[in-house]
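For reference, the structure is listed below as structure tokens.
2 protein chains.
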Amino acid sequence: MPVTSAMAHSVQTDKCLNITTVEAKDIRWPTSLGAHGSDAMHTDPDYSCVYVTINTAEGLYGNGLTFTLGRGTDIVLLAVKSMKGLVEKRTTASIYGDFAKFWRELTSESQLRWIGPEKGVTHLAAAAIINALWDLWGKIRGLPVWRLLSEMEPEELVSTIDFRYITDAITPEEAIRILTDSKINRQARINEIIHKGYPAYTTQVGWLGYSDVQIQTLCRKYLEAGFTAFKIKVGQNLDNDIKRCKLVREEIGWNNKLMVDANQIWDVNTAIEWMKHLKDYKLLWVEEPTSPDDVLGHKKISEALREYQIGVATGEMCCNRVLFKQFMQAKALQFCQIDSARIGGVNEILSVYLMAKKFNIKVCPHAGGVGLCEMVQHLQMWDYTSVSCTMDERMIEFVDQQHEQFVNPALINAAACYEAPNSSGYSTELKQEAIVMFEYPNGSEWQRMFADGTFKKQDY
Amino acid sequence: MPVTSAMAHSVQTDKCLNITTVEAKDIRWPTSLGAHGSDAMHTDPDYSCVYVTINTAEGLYGNGLTFTLGRGTDIVLLAVKSMKGLVEKRTTASIYGDFAKFWRELTSESQLRWIGPEKGVTHLAAAAIINALWDLWGKIRGLPVWRLLSEMEPEELVSTIDFRYITDAITPEEAIRILTDSKINRQARINEIIHKGYPAYTTQVGWLGYSDVQIQTLCRKYLEAGFTAFKIKVGQNLDNDIKRCKLVREEIGWNNKLMVDANQIWDVNTAIEWMKHLKDYKLLWVEEPTSPDDVLGHKKISEALREYQIGVATGEMCCNRVLFKQFMQAKALQFCQIDSARIGGVNEILSVYLMAKKFNIKVCPHAGGVGLCEMVQHLQMWDYTSVSCTMDERMIEFVDQQHEQFVNPALINAAACYEAPNSSGYSTELKQEAIVMFEYPNGSEWQRMFADGTFKKQDY
Chain A
192 MPVTSAMAHS VQTDKCLNIT TVEAKDIRWP TSLGAHGSDA MHTDPDYSCV YVTINTAEGL
252 YGNGLTFTLG RGTDIVLLAV KSMKGLVEKR TTASIYGDFA KFWRELTSES QLRWIGPEKG
312 VTHLAAAAII NALWDLWGKI RGLPVWRLLS EMEPEELVST IDFRYITDAI TPEEAIRILT
372 DSKINRQARI NEIIHKGYPA YTTQVGWLGY SDVQIQTLCR KYLEAGFTAF KIKVGQNLDN
432 DIKRCKLVRE EIGWNNKLMV DANQIWDVNT AIEWMKHLKD YKLLWVEEPT SPDDVLGHKK
492 ISEALREYQI GVATGEMCCN RVLFKQFMQA KALQFCQIDS ARIGGVNEIL SVYLMAKKFN
552 IKVCPHAGGV GLCEMVQHLQ MWDYTSVSCT MDERMIEFVD QQHEQFVNPA LINAAACYEA
612 PNSSGYSTEL KQEAIVMFEY PNGSEWQRMF ADGTFKKQDY
Chain B
192 MPVTSAMAHS VQTDKCLNIT TVEAKDIRWP TSLGAHGSDA MHTDPDYSCV YVTINTAEGL
252 YGNGLTFTLG RGTDIVLLAV KSMKGLVEKR TTASIYGDFA KFWRELTSES QLRWIGPEKG
312 VTHLAAAAII NALWDLWGKI RGLPVWRLLS EMEPEELVST IDFRYITDAI TPEEAIRILT
372 DSKINRQARI NEIIHKGYPA YTTQVGWLGY SDVQIQTLCR KYLEAGFTAF KIKVGQNLDN
432 DIKRCKLVRE EIGWNNKLMV DANQIWDVNT AIEWMKHLKD YKLLWVEEPT SPDDVLGHKK
492 ISEALREYQI GVATGEMCCN RVLFKQFMQA KALQFCQIDS ARIGGVNEIL SVYLMAKKFN
552 IKVCPHAGGV GLCEMVQHLQ MWDYTSVSCT MDERMIEFVD QQHEQFVNPA LINAAACYEA
612 PNSSGYSTEL KQEAIVMFEY PNGSEWQRMF ADGTFKKQDY
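Dropping the structure here:
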């Protein structure tokens, strides 16, 4: 693709499409059959998603999704269905022309907001719809979303963000200034992303269900694949955690990065005490030491672990920009782990990146699951071209699962970097056979597993 | 009912019942046809609930509910259905014998927690189930829930609370100490509640949709009914708000209490500026000045309004004990407005009352809607008998709507106090005809309104 800033269009030049229908599907993979994805709080995840397709009369369509763990996917699906009337029969211009206004209509529907607001099921549903709209927008402009974002004028990009509740932390004017200042050398950074990609780290060496031998084998595999940063799960048993940290350090040495993830298992004081026992393993961060809602708790943990140079990371289950704002205002985290399928989709995530820039917090996105790698690579690449403009201690999580289900899967190059997506849109389209096989409960694989007794059909 | 502490039983003496089925219904009233309940963010509420009945083989049953605003009730209903397998086929002893453990199983189901956790749709669903279990427990012991709570031994009461994520603010030992210390004169306070009830305030004089004449008429009506505290909605137009405050003060005088409610309409700095314009109206509190998730924002507002002696109140949409904990730790609110149908039902609310006692915060519960008055009166009466042991600047919101739908409605006496409930349970049983008429979408009233075009049936 030729690299030229002439690819930046204004809203007016976009072709205006007529949205016809919003389809939503419950897709689940039986990942609980292995121990893949298991952690201290989520012991048997079936990686799943609510998959949204926004169709237009002109034939172009957008796909978006939100990630789930199996049970409950039907609940988010129903929430998507209850919102689709806000999207159907609209023109794309009426949405992208004032995307922040549309985003607020979707997330603040006067009756639905009571069962949120802006959190949990309804916000996950909004995220799936919003992500589909960005996929569609990318296709309309013929750009992958990271390029769409990187080539937008600052004013247009900022016009997509609802600043409600965050103006005490960042104003639209400040956001525009950040994006305007980063125009210097942006083209060079875009070229760098295209040629080198964006660094990844792996979580795949230390799920809680893995044996020592599995951990060693996986460390060697990912070292050979060029990875220099590794994350393991902790929190069920302190002696085991010490043993596992030691084991991984023996395999990866001391120049590579090591992080640990507690998945919210501890209370605040327990987190501090537990992590003191792991201080000798040169840990870059402890992830989700306690409740994802506890700003002040994370602040206390951050302060207590500062002397051991262990940072605090959280964000994959942070429910919205208001929580992220406070985490940053309170210096309660050092690594911000936005999740591309949570909070209210791309528009809200953009505001988090901009706040992170202002508060000088490193964004290292959560990924894995279903489609998270595919989506978040776009956002993090935009962060490099247009927001933080640095990769210093920044990297994207990578888990090698479910990618084969996507038409344009996330790809890792020989230097363990995400390759820059070059297809139009948000890399969110599932292969047709994935849907045929894994739609719940009628997909062919589920029918087979119900029949042979591998799974019992959800029944209520 | 004779007043004797011999009514306090231990778990062991409870009759053990066998839970058979958990039924859940979507019940909606067409309140949007008036302007009742309208505020700055919720312009057209149809007061609704998910109504849960827990049946036992022995015939006793418990009812519980969570309040909703119309659309979305079906989503919460589906969440209840997805959880009911955790309750059905259990004995009551297996639940009440370690209620905290059961509560955690319900709120931390390993796949469902991803779409929360402990917030939004899934937590509302958990609340409806938990509230039904307390109704059933009250019936088993033959006590209204406020008496059940007041007569429990401290250890048993504290055993119902999951302290995960709050031990940095309050420990089980501290909670037991609070409840043990309050045994002195508790019987006298129980008698006082029985004879005098608990003070109410009214929100019914100033919904945003009301005209000046309506406001004046209602002020006079509620003054005559003995009310001494009044709350009005603000936030859509500053000049109107000034006018309405003035109007209400002219009607109620300066010795009665006046509060204002912004329903989350403002950003942090706007809240401060707006409220400065209302400083002359001797306002006890401003309620929900900004996002219910913004602890640090409320702290800033509290500090800015202190010089005007305007307190900050919030809590009706506070999603769980972790947020409440931070609001208290940060001194971000002066009035804690717990909602009996939100957070994870009674068990979690008990922990909020205990933290409020420790942090010296006044609890003035949110009520109105459907069943909120009925339920929360029990909790606030227990607060008086067993926790704060004072009514100083404490009162329960009262809105005179939907009470007629209940078998044991909340009652206000001639001194504008809630009368102590004396029926066993949690006052949560709907009349059969309410269900027949208002179950959505098949109730007779909905069918009539669909047929005559008053409402369009939800269709997706």
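Chains A and B are the protein sequences, given in the same order. Residues 192 to 651 in this note's numbering are what the first sequence lists, from first letter to last. Residues 192 to 651 in this note's numbering are what the second sequence lists, from first letter to last. Each residue gets a CB set at the ideal place from its N, CA and C atoms; glycine is no exception. Everything numeric in this text was worked out from a predicted model, so none of it was measured.
Kindly say whether residue i, judged by its beta-carbon, lies nearer than 8 Å to any beta-carbon of chain A.
i	result
residue 608/B	no
residue 497/B	no
residue 381/B	no
residue 359/B	yes
residue 263/B	yes
residue 304/B	yes
residue 236/B	yes
residue 510/B	yes
Whose CA, out of the options, lies closest to the CA of residue i?
i	options	result
residue 455/B	362/B, 506/B, 472/B	506/B
residue 447/A	415/A, 358/A, 634/A	415/A
residue 398/A	431/A, 600/A, 376/A, 535/A	431/A
residue 381/A	395/A, 391/A, 339/A, 351/A	339/A
Quick check on DSSP: helix, strand or coil for residue i?
i	result
residue 638/A	helix
residue 595/B	helix
residue 518/B	helix
residue 419/B	coil
residue 529/A	coil
residue 541/A	helix
residue 628/A	helix
residue 455/B	coil
residue 346/A	helix
residue 382/B	helix
residue 407/B	helix
residue 351/A	coil
residue 582/B	coil
residue 464/B	helix
residue 256/B	strand
residue 290/B	helix
residue 217/B	strand
residue 329/A	helix
residue 398/B	coil
List the whole-angstrom C-beta distance separating residue i from residue j, where the pair is believed to meet the contact cut-off of C-beta under 8 Å.
i	j	result
residue 274/B	residue 309/B	Between residue 309/B and residue 274/B the Cβ distance is about 13 Å, and since that is not below 8 Å, they are no contact.
residue 241/B	residue 213/B	That pair is no contact at about 12 Å.
residue 305/A	residue 263/B	7 Å
residue 631/A	residue 322/A	At roughly 20 Å, the Cβ-Cβ gap does not stay under 8 Å, so residue 631/A and residue 322/A are not in contact.
residue 406/B	residue 435/B	7 Å
residue 313/A	residue 311/B	6 Å
residue 400/A	residue 229/A	5 Å
Verify the CB distance criterion: does residue i have a CB-CB separation below 8 Å to chain B?
i	result
residue 436/A	no
residue 210/A	no
residue 530/A	no
residue 651/A	yes
residue 639/A	no
residue 233/A	yes
residue 472/A	no
residue 392/A	no
residue 542/A	no
residue 459/A	yes
residue 282/A	no
residue 525/A	no
residue 317/A	no
When you compare the CB of residue i with every CB in chain D, is at least one pair closer than 8 Å?
i	result
residue 225/A	Of the protein chains in this structure, namely A and B, none is chain D.
Q. Is the segment 233-246 of chain B touching the segment 268-282 of chain A in the sense that three or more CB pairs, one from each, lie closer than 8 Å?
A. no
Q. Okay, do the segment 355-369 of chain A and the segment 630-649 of chain A touch, 3+ Cβ pairs below 8 Å being the bar?
A. no
(Q) Closer than 8 Å is the cut-off here; do at least three beta carbon pairs connect the segment 605-621 of chain B with the segment 542-554 of chain B? (A) no
**Q.** Meets three-Cβ-pair contact criterion under 8 Å: the segment 551-567 of chain A and the segment 585-592 of chain A
**A.** yes
Q. Counting pairs of Cβ atoms below 8 Å between the segment 491-508 of chain B and the segment 518-526 of chain B, do you hit three or more?
A. yes
**Q.** Three or more C-beta pairs below 8 Å linking the segment 564-583 of chain B and the segment 487-502 of chain B
**A.** no
Q: Flag this pair as touching only if the segment 288-299 of chain A and the segment 243-260 of chain A have three or more C-beta atom pairs under 8 Å; answer yes or no.
A: no
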